[in-house]
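Reading through the structure tokens given below for one structure.
Chains as they are written, first to last, in the numbering used here: chain A, 3 to 320; chain B, 434 to 649.
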């Protein structure tokens, strides 16, 4: 029974595919304001609201997040998106009541907080927040390669996506185009639907409502593939990062560094087998002590590999 | 004790001082007044005996380490973890401590028979009353009595060694009593323990050989 054994080994290893991180929607924020601001007492109120497939959007979230973010999240989940988080006014007020006094400050506070989340992956700025926090969003994208920023903008005659570097993009909609939040939700869902998955590596999940395989209006195949590639790169980097955190505070000895190399090598070999990496190009893994006396205690993990072509995935029979 | 290479010497001197103080006090009580000090020489018994006449009426004690053997019951191979100390001591692994049993023979010369037997009696009583030999600077971790509030020191006991006078190379029998102290000799092997405090992850991930969006 080779297959179950391999699956069991995957589960027990710290190194597993982690994906490209959390998808967050930041739209127009609504506040109760003043002394009536709700306190973030419960654990689910202490952060942005997490929504998974099948979750219902309650009145509290509707009243705090604004219709744009809600629409985007509903479109995302309706198109088979797995899970996302939605920023809402009560959370931002709890973060910084003074700053939340102006909508622009609130949007920037919310964006900064979303970017600081440990699993932050993609942040989608919609509606008023897109204009209020655009500069900060581009600054975060330039500083943080591990976060993809997608910003709604207005202009032009038809929807169009323009990439701004490897990890930022602006989706431009004509003025008065009412379905922008929905389209952004569907775009993100289609990106997630094209993500690599360790459990079903070659089986693209079927997305509903036209998402997934069908490119959206205004998004060319080249741009969509570039975003999908970023998600794969970031997924691999994130997997290696999270999967080697256990090494912190361990003894910095050759035994540890060889163990890390062995585990990472095994993980990348599995990624090769599953079609994420180009087997013909091979890969290299080297874990060493960081040089210099000031670097005492630090280790370096250098990984070089090549992604397999997106089109090269082999279909498997269920 | 730390890393000082004088453990055995310190133990010998401390035991000599302990016996010297006890015997001087004992003999002064015996003479019902201020008695003379009984010196304890750390030497082989033959050396002062050869000058027995020079000792004259003065009672002199001799303490001699006759045998040092590893304490089998405390033998631990390998290395043990040393936590970082608040004073900045490094964290690491140290070779296990070598515990040895150090046997001393004790005898007296010179003076009256009453004085000699009194000195032996005082020595026996002192060792009996002091089952732990305190060196003053505290035993290392793991030594008997290391815990706070408990008596600290190294085990000191009276042992029977009737043939020791022969081992010493004496021509004729002399009254000898023997004591043993279990003392640690700390290993000088120390491997500092450096922990991983941070990681630098460099992932150089090339795109597919066929660029996205290009002809497939």
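By construction, the Cβ of each residue, glycine as well, lies at the ideal position given by its N, Cα and C atoms.
What residue from the options has the CA that sits closest to residue i's CA?
i                     : options                    : result
residue 539 (chain B) : B:559, B:508, B:612, B:505 : B:612
residue 536 (chain B) : B:451, B:547, B:439, B:444 : B:444
residue 440 (chain B) : B:527, B:604, B:614        : B:614
residue 602 (chain B) : B:499, B:442, B:446        : B:499
residue 223 (chain A) : A:177, A:241, A:143, A:163 : A:163
residue 551 (chain B) : B:608, B:638, B:534        : B:608
residue 1 (chain A)   : A:94, A:178, A:114         : Absent from the structure is residue 1 (chain A), since the part of chain A shown begins at 3 and ends at 320.
residue 261 (chain A) : A:141, A:152, A:109, A:245 : A:245
residue 457 (chain B) : B:514, B:548, B:534, B:503 : B:548
residue 243 (chain A) : A:221, A:289, A:284        : A:289
residue 559 (chain B) : B:569, B:591, B:532, B:534 : B:591
Which one or two residues does DSSP pair with residue i in a beta bridge?
i                     : result
residue 175 (chain A) : A:156
residue 162 (chain A) : A:174
residue 306 (chain A) : A:286, B:637
residue 25 (chain A)  : A:124
residue 513 (chain B) : B:527
residue 494 (chain B) : B:473, B:541
residue 532 (chain B) : B:617
residue 54 (chain A)  : A:85
residue 72 (chain A)  : Paired residue(s): none; residue 72 (chain A) is not in a bridge.
residue 291 (chain A) : A:301
residue 624 (chain B) : B:526
residue 266 (chain A) : According to DSSP, which records beta bridges pairwise, residue 266 (chain A) is partnered with nothing at all.
residue 112 (chain A) : According to DSSP, residue 112 (chain A) bridges with nothing at all.
Measuring straight from C-alpha to C-alpha, what distance separates residue i and residue j?
i                     : j                     : result
residue 201 (chain A) : residue 156 (chain A) : 39 Å
residue 567 (chain B) : residue 625 (chain B) : 30 Å
residue 85 (chain A)  : residue 57 (chain A)  : 9 Å
residue 29 (chain A)  : residue 91 (chain A)  : 10 Å
residue 214 (chain A) : residue 291 (chain A) : Because residue 214 (chain A) carries a pLDDT of 45, less than 50, the predicted location of this residue cannot be relied on, and no value is offered for it.
residue 180 (chain A) : residue 193 (chain A) : 22 Å
residue 173 (chain A) : residue 18 (chain A)  : 32 Å
residue 545 (chain B) : residue 491 (chain B) : 8 Å
residue 642 (chain B) : residue 263 (chain A) : 26 Å
residue 197 (chain A) : residue 267 (chain A) : 22 Å
residue 587 (chain B) : residue 480 (chain B) : 29 Å
residue 497 (chain B) : residue 249 (chain A) : 54 Å
residue 195 (chain A) : residue 82 (chain A)  : 8 Å
residue 281 (chain A) : residue 49 (chain A)  : 41 Å
residue 526 (chain B) : residue 620 (chain B) : 11 Å
residue 205 (chain A) : residue 199 (chain A) : Unreliable placement is indicated for residue 205 (chain A), whose pLDDT of 49 sits below 50; the coordinate value is still reported in the next sentence. Approximately 8 Å between the Cα atoms of the pair.
residue 451 (chain B) : residue 610 (chain B) : 16 Å
residue 106 (chain A) : residue 52 (chain A)  : 23 Å
residue 517 (chain B) : residue 300 (chain A) : 19 Å
residue 606 (chain B) : residue 477 (chain B) : 15 Å
residue 166 (chain A) : residue 232 (chain A) : 13 Å
residue 26 (chain A)  : residue 88 (chain A)  : 6 Å
residue 555 (chain B) : residue 455 (chain B) : 6 Å
residue 627 (chain B) : residue 524 (chain B) : 8 Å
residue 239 (chain A) : residue 98 (chain A)  : 32 Å
residue 449 (chain B) : residue 259 (chain A) : 54 Å
residue 681 (chain B) : residue 542 (chain B) : As shown, chain B starts at 434 and ends at 649. That puts residue 681 (chain B) outside it, with no answer to give.
residue 312 (chain A) : residue 136 (chain A) : 31 Å
residue 117 (chain A) : residue 530 (chain B) : 53 Å
residue 442 (chain B) : residue 16 (chain A)  : 54 Å
residue 143 (chain A) : residue 241 (chain A) : 20 Å
residue 503 (chain B) : residue 565 (chain B) : 19 Å
residue 132 (chain A) : residue 115 (chain A) : 15 Å
residue 629 (chain B) : residue 272 (chain A) : 27 Å
Can you tell me whether residue i is buried or exposed? The criterion is at least 16 other CB atoms within 10 Å of its CB, across all chains shown.
i                     : result
residue 595 (chain B) : exposed
residue 67 (chain A)  : buried
residue 287 (chain A) : buried
residue 593 (chain B) : exposed
residue 501 (chain B) : exposed
residue 599 (chain B) : exposed
residue 347 (chain A) : Within the shown structure, residues of chain A are numbered from 3 to 320, placing residue 347 (chain A) beyond reach of any answer.
residue 562 (chain B) : exposed
residue 111 (chain A) : buried
residue 141 (chain A) : exposed
residue 208 (chain A) : Residue confidence is low: residue 208 (chain A) scores 45 on pLDDT, short of 50, so the model does not pin down where it sits. No coordinate-derived value is stated.
residue 21 (chain A)  : buried
residue 519 (chain B) : exposed
residue 597 (chain B) : buried
residue 54 (chain A)  : exposed
Three or more C-beta pairs under 8 Å: does that hold for the region 223 to 232 of chain A against the region 252 to 259 of chain A? no
Check whether the region 184 to 199 of chain A touches the region 67 to 84 of chain A, counting contact only when three or more Cβ pairs, one atom from each stretch, lie closer than 8 Å. yes
Is it true that the region 301 to 312 of chain A meets the region 622 to 638 of chain B, where meeting means three or more beta-carbon pairs spaced less than 8 Å apart? yes
Report the residues of the region 614 to 640 of chain B with a CB closer than 9 Å to any CB of chain C, ordered along the chain. Absent from the structure: chain C. Protein chains present are A and B.
Could you check whether the region 141 to 158 of chain A touches the region 116 to 125 of chain A, counting it as contact only if at least three pairs of C-beta atoms, one from each stretch, sit closer than 8 Å? yes
Would the region 508 to 516 of chain B count as touching the region 468 to 477 of chain B if we require 3 or more Cβ pairs under 8 Å? no
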